[in-house]
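Residue numbers (the working numbering): 2 to 303.
Next comes the structure, spelled out in structure tokens:
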């Protein structure tokens with residue numbers, strides 16, 4: 002006798018993002034749980050703590066008495082295969098089911114229903130992932146707000162402040178970008194922006210939340226803001242170019258992230274730069290939640 006939709010394996014996918022975490026559990030085609038919570042407390046640098054955090058999330062989100070038949074996790078700041086494997090090993094102590102842990106950008110391609118391709122994320126940060134011909138994963142970017150993440154929200158704000166500083170050093174009057182940043186950081190003058198950036202406790206999140214000021218300034222006519230956005234688009238395209246240079250097939254580039262998908266000027270700048278640097282690559286905006294990629298990975302485990 003065939004399984005009914007409620008009698009098959011319980012597949013659980015988790016997308017642990019930099020800001021929020023999304024868990025989705027399915028039995029057949031029936032959604033058993035769909036749970037979103039903040040990612041506060043997520044510590045991927047400590048595999049035991051990370052596994053405990055995930056186990057607590059499962060207990061919180063799944064109906065009482067249910068256990069996963071298979072679990073796949075896309076984890077923010079899980080930067081290497083070794084780190085992901087350590088979290089998976091610790092997680093197996095909490096559940097008797099096959100599990101997989103990958104970086105959260107790895108969810109993008111399967112979430113789009115593709116077997117292969119490049120996943121490009123530009124939300125608070127930015128990163129691109131692909132796979133070599135033998136299936137080995139490779140990641141470029143994702144260096145954080147202090148060192149990289151060009152094209153993500155935090156990187157946009159950092160580069161916008163640099164552009165405003167340079168204009169100030171040239172003796173120019175503050176334009177719409179400078180005024181927008183002064184208002185966003187609640188400081189009275191351009192030289193005070195440096196201290197405002199340095200005083201935050203969580204640079205990625207606290208810089209990134211001011212990214213809308215850059216796009217508002219561009220819409221208001223600021224040439225500085227428009228240049229910052231154009232350069233951010235080129236930086237995102239450069240991530241795909243780096244993967245192609247390393248031998249990764251980049252025909253399909255699935256694009257996700259709260260910044261690039263919410264801001265057409267940035268997406269258009271990226272797509273234009275990509276046409277120039279990697280003409281064979283096809284950008285594809287992701288229209289489904291990344292957690293769908295985690296569910297697809299969980300399905301492959303049973």
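Note that the Cβ used here is the ideal one computed from N, Cα and C, for glycine as well.
Considering only the alpha carbon of each residue, which of the options lies closest to residue i?
| i | options | result |
| --- | --- | --- |
| residue 243 | 128, 303, 213 and 301 | 128 |
| residue 32 | 63, 45 and 54 | 63 |
| residue 77 | 69, 99 and 105 | 105 |
| residue 277 | 266, 241 and 180 | 241 |
| residue 285 | 296, 262 and 65 | 262 |
| residue 281 | 259, 238 and 301 | 238 |
| residue 79 | 108, 163 and 66 | 108 |
| residue 175 | 224, 199 and 84 | 224 |
| residue 141 | 81, 23, 179 and 66 | 81 |
| residue 97 | 67, 83 and 84 | 67 |
Within the same chain, show all residues whose beta-carbon is closer than 6 Å to that of residue i, passing over the 5 residues directly before and after it, in chain order.
| i | result |
| --- | --- |
| residue 91 | 48, 49 and 52 |
| residue 5 | Interpretation of residue 5 is limited by its pLDDT of 41, a score under 50 that renders its predicted location unreliable; the figure taken from the coordinates is listed afterwards. Closer than 6 Å at Cβ, skipping near neighbours: no residue. |
| residue 268 | 261 |
| residue 211 | 158 and 185 |
| residue 201 | 207 |
| residue 146 | 155, 204, 205 and 208 |
| residue 34 | 26, 62 and 63 |
| residue 190 | none |
| residue 164 | 225 and 229 |
| residue 3 | Any answer about residue 3 is weak, because its pLDDT of 42 lies below 50 and its placement is not dependable; what the coordinates show is given next. So no residue of the chain qualifies. |
| residue 259 | 124 |
| residue 264 | 216 |
If you measure from the CB of residue i, is any heavy atom of the ligand NAP nearer than 7 Å?
| i | result |
| --- | --- |
| residue 88 | Because no ligand of any kind appears in the structure shown, any question about the ligand NAP cannot be addressed here. |
Can you list, in chain order, the residues of its chain with a C-beta nearer than 7 Å to that of residue i? Leave out the 5 residues immediately preceding and following it.
| i | result |
| --- | --- |
| residue 236 | 151 and 152 |
| residue 219 | 226, 227, 230 and 266 |
| residue 131 | 119, 139, 244, 249 and 251 |
| residue 181 | 214, 217 and 218 |
| residue 17 | 40, 43, 74, 75, 76, 77 and 105 |
| residue 370 | Absent from the model: residue 370. The displayed extent of the chain is 2 to 303, so no value can be given. |
| residue 188 | 194 and 197 |
| residue 222 | 177 |
| residue 95 | 52 and 56 |
| residue 247 | 139 |
| residue 133 | 139, 248 and 249 |
Just checking my contact of residue i with residue j at CB under 8 Å: how many whole Å lie between their CB atoms?
| i | j | result |
| --- | --- | --- |
| residue 103 | residue 75 | 6 Å |
| residue 25 | residue 303 | About 16 Å separates the two Cβ atoms, so there is no contact after all. |
| residue 93 | residue 100 | 6 Å |
| residue 233 | residue 156 | 7 Å |
| residue 19 | residue 149 | Incorrect: roughly 14 Å between the Cβ atoms, too far for contact. |
| residue 59 | residue 69 | 7 Å |
Whose C-beta lies closer than 8 Å to the C-beta of residue i among residues of the same chain, with five residues either side of it excluded?
| i | result |
| --- | --- |
| residue 21 | 37, 38, 39 and 40 |
| residue 283 | 252, 253 and 254 |
| residue 54 | 42, 43 and 44 |
| residue 162 | 182, 194, 195 and 198 |
Practice problem: Report yes or no: do the segment 116-130 and the segment 239-258 share at least 3 C-beta pairs separated by less than 8 Å? | Solution: Here the segment 116-130 lies against the segment 239-258, with 3 or more beta-carbon pairs under 8 Å apart.
Quiz item: Between the segment 267-282 and the segment 166-179, do at least 3 Cβ pairs fall closer than 8 Å?
Solution: Output reads no: the segment 166-179 does not touch the segment 267-282.
Practice problem: At 4 residues or longer, and completely inside the segment 139-209: list those alpha helix (DSSP H) runs for me, N to C. | Solution: 154-170, 177-186, 194-199 and 204-209
Self-check item: Those runs of the alpha helix (DSSP H) which lie wholly inside the segment 30-78 and span at least 4 residues
Solution: The segment 30-78 contains these whole alpha helix (DSSP H) runs: 48-62.
Exercise. Decide yes or no for the touch test of the segment 188-202 against the segment 130-138: beta carbon pairs closer than 8 Å, at least 3 of them.
Key: no
Quiz item: Hey, is the segment 101-114 in contact with the segment 285-301, meaning 3+ C-beta pairs nearer than 8 Å?
Solution: yes
Quiz prompt | Residue ranges of each alpha helix (DSSP H) within the segment 231-263, 4 or longer | solution = 259-263
Quiz prompt | Any beta strand (DSSP E) of 3 or more consecutive residues that is wholly inside the segment 84-135 | solution = 100-104, 119-123 and 127-132
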